[in-house]
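Each remark here refers to the structure printed beneath this line.
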Amino acid sequence: MTHHRYTTPGTRLTWSDISEWVDAAHRIGRRQLSAARNRAYAAHAAALPRELIDRETHAPLLEAALHLLKYGHPSLARPQRGHRANHPTTPVIMDLMNRLAILKRRDEKAAGDNWAAMFGGSDAHSD
């Protein structure tokens, strides 16, 4: 299976899975404090694509990405309540939470004929 390389807009940071996305966020964090670093954080948070999230089968990686987007640096994390509706991290956080819920249900329920219809695809029960 061919994996696409993603790039954080406005930077040279690339990644092809959630683990590399988390590592790239940490690389941004090691940069010198500046407006450019804050812009890179914001662009990186919004750049995590749904198809990458949907491919992930390792729950701790999803939890690490979710933690960064909920509690990380203010330029990376979601804004305060009341300002989240149109923020670019909101759909990313929802996709991460939904995928995490699918993987947790996978562990609770054995795969059967209706698995794909109920839990988001045949990949949800494979490792």
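Residues 1 to 127 in the numbering used here are what the sequence shown lists, from first letter to last. The C-beta atom is built at its ideal place from N, Cα and C for all residues, glycine as well.
Just curious, the alpha helix (DSSP H) that residue i is in, first and last residue?
i	result
Asn38	35-46
Leu66	59-71
Leu52	50-55
Give me the Cα-Cα distance between residue i and residue j, rounded to the nearest whole angstrom.
i	j	result
Ala36	Gly29	11 Å
Thr7	Arg106	31 Å
Tyr41	Ala85	19 Å
Ile102	Gln32	38 Å
Ile53	Arg81	24 Å
According to DSSP, residue i sits in a beta bridge with which residue or residues?
i	result
Trp15	Tyr6
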